[in-house]
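*Asks:* After the structure tokens below, expect a handful of questions from me.
Residue numbers (my numbering): 2 to 779.
Below is the structure:
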């Protein structure tokens with residue numbers, strides 16, 4: 002086992018940019034049950050300072066490599082039981098670096114149905130196949146004549162049997178398959194075409210009705226769009242290799258021939274060349290095409306999941322408006338606007354429904370009701386959901402606020418448009434039912450909208466991450482991998498911010514390092530029964546919460562105004578002794594020292610380091626004493642939508658607007674500008690310089706200024722730009738700002754011609770093309 006960990010640590014260390022001993026230490030901690038947030042924050046000395054990104058990658062690779070090792074053992078046992086395991090084969094299996102290469106080696110030994118090749122062997126034709134391979138000068142038909150007997154009626158049948166044997170041998174040659182796979186990855190072209198009669202029903206896939214591009218460079222969003230089109234029986238997808246090679250014998254067939262020394266002049270060679278071509282067409286081509294399509298799917302999944310994870314992280318770590326009384330409005334036209342008021346802690350104070358829009362048109366009554374609730378509960382924020390009717394509701398609130406008298410002692414509330422993605426999912430969830438058992442489902446959404454303005458993280462953890470809607474094709478990707486990646490993002494975000502032990506909900510506590518749903522509910526039940534926790538140590542009184550769990554979770558839980566001042570910080574209880582030595586060295590009480598930057602900066606961290614707590618931990622403790630329980634999230638800011646711009650029809654090219662980034666994809670960023678349809682800022686329009694990845698410039702939740710470039714009312718598509726120079730998007734190969742070549746705009750119909758050349762490398766038309774590719778509707 003130790004040798005296995007050494008091997009895994011060495012391999013993973015190279016991939017994450019660390020030393021083998023760092024990786025080995027992290028693997029040991031993970032195997033002991035430590036979480037990534039705990040290791041990253043409180044075991045820096047042990048791992049040499051590996052951060053959470055490196056640790057997440059290490060954890061993923063560790064799982065993959067252990068699955069690989071388990072599969073390796075299974076294959077070895079299977080071949081050993083067949084009595085076919087040789088030292089050379091065992092060495093080959095032991096050195097296979099990937100699952101694909103391991104399966105290539107196993108293919109000849111994998112139990113399978115009775116094949117034509119096996120039947121031919123049973124009929125005694127294997128010696129004929131060997132003879133043809135060994136005696137190229139002989140005529141295969143003459144050699145076959147000697148094998149006509151019993152179930153082999155003639156020489157033709159004998160040659161067909163020999164062909165089946167050799168074709169199966171070619172198709173099970175691991176080294177040959179590896180070379181062919183590498184060739185296909187370099188040369189294959191993915192071709193999409195519309196199925197007959199599906200043009201109208203599949204109009205949303207029109208960009209791919211006649212589309213060709215290199216397999217190796219298909220971006221995630223286009224791959225997933227085409228795969229969805231195939232799954233919906235709109236598109237046909239096929240891989241072509243060497244389609245532009247006009248030679249009578251294609252390179253793939255020549256590769257097979259070279260592996261067996263097949264020439265072109267002798268009778269045996271000519272027959273074997275035909276067998277090589279037949280083996281490619283009937284066996285290898287399909288097998289490898291399926292492999293490449295699976296690789297394409299996995300590659301697209303990985304990129305899409307990464308985009309989703311980054312967007313989710315940005316959304317979870319968005320700026321909180323803070324503990325302020327808030328009114329949440331869930332807009333509706335015919336069904337009315339649902340209203341909920343919560344206090345600074347998120348406690349529900351009041352609910353109602355107002356009907357300012359048709360058919361009732363009770364504008365004055367609605368405004369009066371809202372004004373009364375604002376005055377009664379001293380509301381400071383009005384959160385308006387961004388769904389249907391949001392701009393109408395915002396205008397209603399704006400008019401109401403303008404009519405309110407100015408009072409310096411009580412400023413007018415600030416109205417904010419809030420994403421309501423996932424609010425309906427929360428409303429109908431068991432969590433919402435448990436929180437508000439007697440409240441109508443429609444009103445629960447208004448509560449969620451109010452709370453997510455106060456603290457996005459605390460509210461969004463109650464919703465299944467993939468229902469929040471900040472990803473590309475999230476329903477098309479591997480759901481297990483997606484869930485695992487998003488759960489990791491939520492865990493990291495929650496633990497980066499920290500959780501107030503005495504106010505946090507069970508769903509929020511469940512995401513704390515080392516806890517989980519069951520213990521979170523036990524903590525809330527204990528809190529409800531016994532009152533607020535006075536210290537972190539009191540956690541050990543919770544049923545089933547032991548010392549190990551306490552170690553993993555305590556540092557991420559905060560207790561304000563408790564018995565121990567350090568409980569309000571991120572200093573772990575195990576290091577309180579170090580913190581107290583630091584406080585004693587200053588000759589101060591811990592409460593007065595907290596926040597005194599001058600006194601803390603004058604300290605030498607090396608004085609307080611010891612064998613257990615090194616410099617990284619001491620520096621972290623001093624930083625926490627300087628800013629105890631600091632929130633890593635940015636300061637609260639909101640976008641101001643332009644008056645009179647409420648619908649896509651109100652937009653005109655050249656308009657300058659402010660909006661909020663709702664989603665960031667590989668090809669650009671989507672921005673809510675208040676017209677019920679997000680606009681797209683293509684990656685080439687994000688800045689006055691070359692941008693490779695949109696995440697370099699923006700993240701979900703950012704407030705940005707944009708210029709309207711294109712408006713397609715019929716297709717509900719809006720092209721936006723953040724470039725200050727006002728220039729069109731640079732064409733492929735051009736150097737915006739004079740540095741690197743720009744990307745071609747992804748997704749224009751047939752983004753590349755059949756010759757592989759880009760049809761449209763940029764300009765404002767490319768924005769429309771990118772919009773088409775995105776197929777994003779709100």
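Built from N, CA and C at the ideal position, the CB exists for glycine as well. Since this is a predicted model, take the numbers as computed values, not measurements.
Can you say whether residue 416 is buried or exposed, counting buried as having 16 or more other CB atoms within 10 angstroms of its CB?
*Replies:* Here residue 416 refers to the residue found at position 415 of the chain shown. Buried.
*Asks:* How would you write the range of the alpha helix (DSSP H) that residue 722 sits in, first residue to last?
*Replies:* Working through the chain shown from its first residue, we reach residue 722 at position 721. It is not in any alpha helix (DSSP H) - residue 722 instead sits in the beta strand (DSSP E) that spans 718 to 722.
*Asks:* Rounded to a whole number of angstroms, what is the C-alpha to C-alpha distance between residue 467 and residue 486?
*Replies:* To locate residue 467, count along the chain shown from 1; it is residue 466. To locate residue 486, count along the chain shown from 1; it is residue 485. In a straight line, the C-alpha of residue 467 is about 10 Å away from that of residue 486.
*Asks:* Confirm, please, whether the CB-CB distance from residue 687 to residue 698 is below 8 Å.
*Replies:* Within the chain shown, residue 698 is the residue found at index 697, counting from 1. Within the chain shown, residue 687 is the residue found at index 686, counting from 1. The answer is yes: Cβ separation under 8 Å.
*Asks:* Sort out for me which residues DSSP pairs residue 671 with in a bridge.
*Replies:* To locate residue 671, count along the chain shown from 1; it is residue 670. Note: residue 671 sits in a beta bridge opposite 664, 681.
*Asks:* Provide the residue(s) that pair with residue 215 in DSSP beta bridges, ordered along the chain.
*Replies:* Reading the chain shown from its first residue, position 214 is the one you call residue 215. BP columns for residue 215 point to 190.
*Asks:* Taking just the CA atoms, how far does residue 45 sit from residue 12?
*Replies:* Locating residue 12 in the chain shown gives position 11, counting from the first residue. Locating residue 45 in the chain shown gives position 44, counting from the first residue. Rounded to whole angstroms, residue 12 to residue 45 spans 21 Å at the Cα level.
*Asks:* Taking buried to mean at least 16 other C-beta atoms within 10 Å of its own C-beta, is residue 549 buried or exposed?
*Replies:* For the purposes of this step, residue 549 is taken as residue 548 along the chain shown, with counting starting at 1. So residue 549 counts as exposed.
*Asks:* Using 8 Å as the threshold, is the C-beta distance between residue 342 and residue 330 below it?
*Replies:* Numbered from 1 along the chain shown, position 341 holds the residue referred to as residue 342. Numbered from 1 along the chain shown, position 329 holds the residue referred to as residue 330. No; because the gap between Cβ atoms is not below 8 Å, this pair is not in contact.
*Asks:* In chain order, what residues of the same chain lie with their CB nearer than 7 Å to the CB of residue 521, ignoring the 5 residues before and after it?
*Replies:* Counting from one through the chain shown, the residue named residue 521 turns up at place 520. Here the set comprises 507, 510, 511.
*Asks:* Given residue 398, which residues of its chain have a CB within under 6 Å of its CB, disregarding the five upstream and five downstream residues?
*Replies:* The residue labelled residue 398 in the question sits at position 397 within the chain shown. 383, 416, listed in sequence order.
*Asks:* Judging by CA-CA distance, which residue of 47, 626, 593 is the nearest neighbour of residue 602?
*Replies:* Translated into the one-based positions of the chain shown, residue 602 becomes position 601. Considering only alpha carbons, the answer is 626.
*Asks:* Considering only DSSP beta bridges, list what residue 711 is partnered with.
*Replies:* Position 710 of the chain shown, counting from 1, holds the residue named residue 711. The partner list for residue 711 (beta bridge, DSSP) reads 720.
*Asks:* Here's a check: name, in chain order, each residue in its chain whose Cβ is nearer than 6 Å to the Cβ of residue 307, leaving out the five neighbours to either side.
*Replies:* Counting from one through the chain shown, the residue named residue 307 turns up at place 306. Hits under 6 Å: none found.
*Asks:* Would residue 153 pass as a contact of residue 302 if the rule is Cβ separation under 8 Å?
*Replies:* Locating residue 153 in the chain shown gives position 152, counting from the first residue. Locating residue 302 in the chain shown gives position 301, counting from the first residue. Result no, Cβ atoms of residue 153 and residue 302 do not sit closer than 8 Å.
*Asks:* Please say whether residue 280 and residue 263 have beta carbons closer to each other than 8 Å?
*Replies:* Taking the chain shown and counting its residues from 1, one reaches residue 263 at position 262. Taking the chain shown and counting its residues from 1, one reaches residue 280 at position 279. Result no, Cβ atoms of residue 263 and residue 280 do not sit closer than 8 Å.
*Asks:* If you draw a straight line from the alpha carbon of residue 65 to that of residue 47, how long is it in whole angstroms?
*Replies:* Mapped onto the chain shown, residue 65 falls at position 64. Mapped onto the chain shown, residue 47 falls at position 46. About 24 Å.
*Asks:* Contact between the region 417 to 434 and the region 442 to 455: three or more CB pairs below 8 Å?
*Replies:* Short answer: they touch.
*Asks:* For residue 75, does the three-state DSSP call read helix, strand or coil?
*Replies:* For the purposes of this step, residue 75 is taken as residue 74 along the chain shown, with counting starting at 1. Residue state, collapsed to three classes: helix.
*Asks:* Using C-beta distances below 6 Å, list every residue in its chain close to residue 527, excluding the 5 sequence neighbours before and after it, in chain order.
*Replies:* As a first step, residue 527 is located in the chain shown; it is residue number 526 there, counting from the start. Excluding sequence neighbours, residue 527 sits near 543.
*Asks:* Could you give the DSSP three-state label for residue 747: helix, strand or coil?
*Replies:* Position 746 of the chain shown, counted from the start, is the residue given in the question as residue 747. The predicted position of residue 747 is uncertain, since its pLDDT is 33 and thus under 50; a value taken from the coordinates is nonetheless stated next. Looking at residue 747 - three-state DSSP - the assignment turns out to be coil, as it is neither helix nor strand.
*Asks:* Suppose you measure from the CA of residue 10 to the CA of residue 54; what does that come to, to the nearest Å?
*Replies:* Position 9 of the chain shown holds residue 10. Position 53 of the chain shown holds residue 54. Whole-angstrom Cα-Cα distance: 16 Å.
*Asks:* Let's see if you can read the secondary structure: which residues bound the beta strand (DSSP E) around residue 340?
*Replies:* Taking the chain shown and counting its residues from 1, the one referred to as residue 340 is at position 339. It spans 338 to 343 - the beta strand (DSSP E) in which residue 340 sits, taken as one unbroken run.
*Asks:* If we call anything under 8 Å between Cβ atoms a contact, is residue 194 one with residue 139?
*Replies:* Within the chain shown, residue 194 is the residue found at index 193, counting from 1. Within the chain shown, residue 139 is the residue found at index 138, counting from 1. No, the Cβ-Cβ distance between residue 194 and residue 139 is not below 8 Å.
*Asks:* What separation, rounded to the nearest whole angstrom, lies between the Cα atoms of residue 344 and residue 327?
*Replies:* Residue numbering aside, residue 344 sits at position 343 when the chain shown is read from its first letter. Residue numbering aside, residue 327 sits at position 326 when the chain shown is read from its first letter. Roughly 6 Å between the two C-alpha positions.
*Asks:* Just checking my contact of residue 390 with residue 332 at CB under 8 Å: how many whole Å lie between their CB atoms?
*Replies:* Within the chain shown, numbered from 1, the residue matching residue 390 stands at position 389. Within the chain shown, numbered from 1, the residue matching residue 332 stands at position 331. With a Cβ gap of about 4 Å, residue 390 and residue 332 count as contacting.
*Asks:* Assuming residue 307 is part of the alpha helix (DSSP H), what are its boundary residues?
*Replies:* Position 306 of the chain shown, counted from the first residue, corresponds to residue 307. Run containing residue 307: 286 to 317, per the alpha helix (DSSP H) assignment.
*Asks:* Identify which residue in 476, 314, 183 has its Cα closest to the Cα of residue 242.
*Replies:* By 1-based counting over the chain shown, the position of residue 242 is 241. The candidate whose alpha carbon is nearest that of residue 242 is 183.
*Asks:* Taking the alpha carbon of residue 218 as the point to measure from, which residue in 300, 502, 695 has its own alpha carbon closest?
*Replies:* Looking up residue 218 in the chain shown gives position 217. Ranking the options by Cα distance to residue 218, first place goes to 300.
*Asks:* Are the region 86 to 102 and the region 157 to 167 in contact at 8 Å, needing three or more beta carbon pairs?
*Replies:* Contact between the region 86 to 102 and the region 157 to 167 is absent, because fewer than three Cβ pairs lie under 8 Å.
*Asks:* So residue 417 is in the beta strand (DSSP E); what residue range does that whole segment cover?
*Replies:* Counted from its first residue, the chain shown places residue 417 at position 416. Where residue 417 is concerned, the enclosing beta strand (DSSP E) stretches over 415 to 419.
*Asks:* What does the alpha-carbon distance come out to for the pair residue 22 and residue 162?
*Replies:* The residue you call residue 22 lines up with position 21 of the chain shown. The residue you call residue 162 lines up with position 161 of the chain shown. About 56 Å.
*Asks:* Is residue 381 buried or exposed, if buried means 16 or more other CB atoms sit within 10 Å of its CB?
*Replies:* Mapped onto the chain shown, residue 381 falls at position 380. Result: buried.
*Asks:* Based on DSSP bridge pairs, tell me the residues matched to residue 559.
*Replies:* Stepping through the chain shown from its first residue, residue 559 is reached at position 558. 501, per the DSSP bridge assignment.
*Asks:* Taking the alpha carbon of residue 77 as the reference point, which residue from 204, 110, 67 has its own alpha carbon closest?
*Replies:* Stepping through the chain shown from its first residue, residue 77 is reached at position 76. The option with the nearest alpha carbon to residue 77 is 110.
*Asks:* Between residue 106 and chain B, is there a C-beta pair that is closer than 8 Å?
*Replies:* Absent from the structure is chain B; it holds one protein chain and no more.
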